[in-house]
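With the numbering used here, the residue at position 207 of the sequence shown is 207, and numbering never jumps.
Idealized CB from N, CA, C, for every residue including glycine.
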Amino acid sequence: MRGTHGPGHDTTTATGGPGADRHRSPDLRYLTQIALAAEHTGFDAILTPAGTFNEDPWVTCAALAQATERLKFLVALRPDSISPVLAAQMAATFQRQSGGRLLLNVVTGGDPAEQARVGDHLDKAARYARTDEWLTVLRGTWAAEPFDHTGPHYDVTGATVFSPPILPPGVYFGGSSAEAAPVAARHADVYLTWGEPPADVAAKLDHIRALATDAGRTPPRFGIRFHVVARDTTEQAWKAAERLLTGIDPAHVARVQTTLAGTQSTGQARQSDLHAAFRDSGRTSDLEVWPNVWAGVGLLRGGAGTALVGSHREVADRIRDYAALGIEEFILSGFPHLEETYEVGEGVLPLLGTGTGRVGVGR
């Protein structure tokens with residue numbers, strides 16, 4: 001599920017671009033169709049985003065949990081918007097009421113305008129320091145005994161929940177900056193990265209492994225976030241990918257890139273670097289940064305900006321390549337969500353077998 005702000009047919013809706021009003025409303029009926037399709041075709045979980053341009057992920061996923069049986073929900077939440085004790089209570093309740101189907105994607109944030117929208121004016125270093133402390137309090141609140149903590153951002157006494165979860169939700173955490181990596185190494189159950197060429201991903205994973213070992217922890221599991229354009233043939237897939245950019249005004253691309261340049265996210269800067277050659281040459285071929293790895297999505301939206309493009313077999317092979325690096329979880333998405341859930345679920349997942357890892361639907 002790309003998001004709860006409107007699951008469109010093309011990438012322009014992700015930036016409020018032309019044609020956004022033509023797309024399906026993210027009402028509960030349609031989101032339920034996507035969740036049921038994901039469950040039916042073999043996905044393990046769905047990711048829903050946090051932010052003021054989306055429906056609330058907690059409320060949405062609580063509703064979708066009633067319509068599904070085994071599907072898990074990777075709910076994004078931001079320490080700038082909720083206390084860790086309240087988050088612990090909500091998560092414990094969701095985990096108990098859903099039969100253990102909650103996962104948490106903790107998002108520190110990197111867009112100053114979005115941070116200001118919720119009244120958060122901390123600089124980047126302070127935001128990650130707060131997230132570090134927030135995660136400490138979150139896990140402490142799930143403990144069997146009341147938890148006390150005094151720090152620069154939180155001061156809690158006797159923090160607890162009605163019934164601590166027998167199986168606490170897994171914590172997913174991403175970040176490519178010097179501030180983010182140590183927090184991930186100390187707290188993440190799953191470290192998430194956006195799609196990049198394999199050598200870049202391998203270097204990042206090695207860095208997190210080393211930091212976790214230095215912190216006295218077993219390294220986390222690793223996950224990666226890609227869009228997917230998979231079809232019966234290679235030619236069909238690339239035509240479908242290029243259609244995502246057809247008719248887009250270059251001025252609109254420029255506006256999006258100007259907005260993204262203002263973010264403080266190191267991960268976003270790395271995504272933007274992947275299509276720098278295209279911005280210089282204008283050649284679509286320069287958007288393929290690795291075989292079947294296409295950076296075209298990043299021209300029109302922030303966040304995850306790369307896609308696996310190719311035949312069902314080629315996409316499955318690339319997923320195996322990333323699994324060989326140590327990636328154990330894959331968060332995949334496409335435009336429009338419902339149709340692409342079936343395309344990937346029926347065309348790619350059966351080719352992967354059981355040894356590749358967990359696969360989820362992303363925003």
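Selection from the options that minimises the alpha carbon distance to residue i
i, options, result
"PRO84", "HIS227, ARG231, ARG96 and GLU133", "GLU133"
"THR108", "THR233, GLN97, GLY158 and LEU135", "LEU135"
"GLU329", "HIS121, ASP189, ALA91 and PRO112", "ASP189"
"THR401", "THR131, PRO79, TRP142 and GLY174", "Nothing can be reported for residue 401, as the shown portion of the chain is limited to 1 through 363."
"GLU235", "ARG117, ALA316 and SER311", "SER311"
"LEU86", "ALA129, ARG139 and ALA67", "ARG139"
"ARG209", "PHE173, VAL359, ILE327 and ALA185", "ALA185"
"ASN292", "ALA304, PHE335, ALA241 and LEU245", "ALA241"
"LEU299", "THR266, VAL137 and THR246", "THR246"
"HIS40", "ARG243, LEU352, GLY353 and VAL344", "VAL344"
"ARG24", "LEU351, GLY353 and GLU339", "GLU339"
"PRO165", "ALA144, THR218, ASP321 and PRO152", "ALA144"
"ARG231", "ALA215, ARG313 and VAL137", "ARG313"
"SER98", "ALA63, ALA116 and ASP321", "ALA63"
"THR266", "TRP290, LEU36 and LYS204", "LYS204"
Whole-number beta carbon distance between residue j and residue i, since they are thought to touch under 8 angstroms
i, j, result
"ARG318", "SER176", "About 21 angstroms; that fails the 8 angstroms criterion."
"ARG225", "ILE331", "5 angstroms"
"ALA50", "PRO57", "6 angstroms"
"ASN105", "ALA126", "That belief does not hold up - the Cβ atoms of ASN105 and ALA126 are roughly 21 angstroms apart, past 8 angstroms."
"VAL228", "VAL315", "6 angstroms"
"CYS61", "PHE73", "4 angstroms"
"GLY174", "THR193", "6 angstroms"
"ILE366", "GLY223", "For residue 366 there is no data in the structure shown, the boundaries of the chain being 1 and 363."
Span separating the alpha-carbon of residue i from that of residue j
i, j, result
"ASP155", "LEU211", "27 angstroms"
"LEU167", "GLN95", "8 angstroms"
"GLY347", "ASP123", "44 angstroms"
"LEU349", "PHE43", "8 angstroms"
"LEU102", "GLU69", "13 angstroms"
"THR160", "THR150", "15 angstroms"
"GLY100", "ASP286", "44 angstroms"
"LEU325", "ALA199", "9 angstroms"
"SER163", "MET90", "11 angstroms"
"PRO146", "VAL359", "36 angstroms"
"VAL297", "PRO112", "23 angstroms"
"ASP206", "ARG29", "42 angstroms"
"PRO79", "GLY119", "12 angstroms"
"LYS239", "ALA307", "14 angstroms"
"ARG217", "VAL59", "33 angstroms"
"ALA116", "TYR191", "26 angstroms"
"GLY305", "GLU196", "9 angstroms"
"LEU71", "PRO219", "26 angstroms"
"ALA237", "HIS121", "43 angstroms"
"ALA67", "ASP27", "14 angstroms"
"LEU31", "PHE335", "14 angstroms"
"ASP148", "VAL137", "8 angstroms"
"THR233", "VAL309", "10 angstroms"
"THR213", "ALA88", "27 angstroms"
"SER81", "TYR172", "17 angstroms"
"LEU244", "GLU55", "24 angstroms"
Sequence-distant residues of its chain with Cβ nearer than 8 angstroms to residue i (five each side left out)
i, result
"VAL361", "MET1, ILE34, ALA38, PHE43, ALA45, ILE46, LEU47, ILE331, LEU332, SER333, HIS337 and THR341"
"ASP321", "PRO198"
"GLU114", "GLY51 and THR52"
Other residues of its chain near residue i: CB distance less than 7 angstroms, five sequence neighbours each side excluded
i, result
"GLU288", "TRP294"
"GLY128", "According to the sequence displayed, residue 128 carries Tyr and not Gly. Correct list, in chain order: THR108, GLU179, ALA180 and VAL183."
"THR131", "PRO79, VAL106, THR108 and VAL183"
"LEU352", "ALA316 and ILE319"
Nonlocal neighbours in the same chain, by C-beta distance under 6 angstroms from residue i, ignoring five residues either side
i, result
"ALA215", "ALA185 and ARG186"
"HIS153", "ARG130 and GLU133"
Secondary structure, beta strand (DSSP E): runs of 3+ residues fully inside the region 57-90: For the region 57-90, the full-length beta strand (DSSP E) segments reaching 3 residues or more read 72-77 along the chain.
At 4 residues or longer, what runs of the alpha helix (DSSP H) sit wholly inside the region 288-322? You should have found no qualifying run.
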